Amino acid sequence: MSLLLDNITQLSHEFGGDEYIKAGGGNTSVKDAETLWVKPSGTTLAGLTPEQFVAMDRAKNAEIHAVEIPDDPHELEATVLAMKMDAVLPGSSGRPSVEAPLHDSFDAAYVVHTHPVLVNGMTCARDGGEACLRLFPEYLWVGKLDVGHMLCVRTREAIQEFTEHNGRQPEAVFLKNHGVFVAGDTPDSIRETYRVIMGRLDEEYNASGLTLDLEKGPAPDPAIGEEIARLIRETFETQDANFVATDGPYDVADGKLTPDHIVYMKPHIFEGEPTREALIEFRERYGYSPRVVATDIGVFGFGATENNAALALELAIDGAQVKKLTRAFGGIEYMDRATLEFIDSWEVEAYRRKVAEK
Ligand SMILES: [Zn+2]
């Protein structure tokens, strides 16, 4: 068991860098016949230690897979969350990752789930599905966008269907507007699958002449960011603009790109001149203060803490890179409205944001 935990900790660190995830995104797990050890919610892959993994009873996880789906999505989330907490073995602390039941659906011992920019350039693209079938015929593409427990349910079904057709489980599963799950029985097989994925995507972007470099203007005077922060605090009577992080202007993407972007940027960013009138209009339309403001002279991230402001900006850069790469596959395709509304009201994401603020 300690070897398994040492290995998954090592993998978490290897795939916990900027190339693969931002902030607290992504999750990892390892299992034997009885137990699944999974990353706790609200931790970062790069900072994980073997002791932090949450041990879950796999027999109880199996009950989660069998749960009847109620009509109300929030009721489903509450039920599943209670069952997940109940599956946590004595002596373990922390809340298991949202995607824990999905990790359990892979037979392979190791699972490393990330949101790489290179991968999301494909999963967030209009022709992402076609591209995935062409580039990765040996893996699985899940083109139906789901979040919360329905993501686990639908992906599990897709894995079962794939297994029936191919006589084996997929080593990688790509999720639309989200990222990739990689599963393998050894740490080296995980590394090899990631090498294949990143290598083929890299070639594809190279062929289209696309790099991660953003065409960026010079950074504006920090006083401008402070002034916008003051306007936001006044207009929204909020602490969420206590801090500001500033960058030069570039071609931004909206927040409704992936669940991670929504957590740190909210579904909608503010684009244009942030006058008082325009901010009031934004407030009336969306009901929250913008975490990212993009103007002709700069991109600004806001947060209640310095860390949150920096993270908003970090995700804005990530989103802009994803947007650029989607050009290789027909351009950007955002999440649909129903998914957006659900994520924004989803308690689990709120929990992750709260932990990230600490
Ligand atoms: Zn994810």
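Under this note's numbering, residues 177 to 534 are what the sequence shown spells out, in order. Glycine included, each C-beta is placed from N, C-alpha and C at the ideal position. A quick note: this is a predicted structure, and the numbers were derived from the prediction, not measured.
Asked	Found
Nearest residue (CA-CA) to R406, options V230, I197 and F478	F478
Simplified DSSP state of A237, which is helix, strand or coil	A small correction: the amino acid at residue 237 is Asn; Ala does not occupy that position in the sequence shown. Looking at N237 - three-state DSSP - the assignment turns out to be helix.
CA-to-CA distance, E449 to A429, given in whole angstroms	17 Å
Spatial distance of E275 from H325 (CA atoms)	8 Å
Separation of L257 from E251, as counted between CA atoms	10 Å
Inter-stretch contact at 8 Å, needing at least 3 Cβ pairs: the segment 270-284 / the segment 345-360	yes
K499 in three-state terms, based on DSSP	helix
Through-space distance from N342 to E333, alpha-carbon basis	14 Å
Under the three-state DSSP convention, the category K260 falls into	helix
Secondary structure of E447, DSSP reduced to three states	strand
Check: D436 C-beta below 8 Å from any heavy atom of ligand 1	yes
Residues near H123 by beta carbon distance below 7 Å, same chain, minus five either side	Because the chain in this structure spans residues 177 to 534, residue 123 falls outside the shown range and cannot be described.
Beta-carbon proximity check, L311 vs F338, cutoff 9 Å	no
Under 9 Å between C-beta atoms of S217 and S269	no
Closest residue to G200 among F505, L516, K215 and A421 (Cα-Cα distance)	K215
Residues bridged to L316 (per DSSP)	V349
Any non-hydrogen atom of ligand 1 within 8 Å of G343 CB	no
Ligand 1 heavy atom lying under 8 Å from the CB of H291	yes
Paired residues, beta bridge with H289 - DSSP	N203 and F357
Neighbourhood of Q186 by C-beta, 8 Å cutoff - its chain only, sequence neighbours within 5 removed	P363
Coil, strand or helix - D416 by DSSP	coil
Reference I373, options G495, M298 and Q497, closest by Cα	M298
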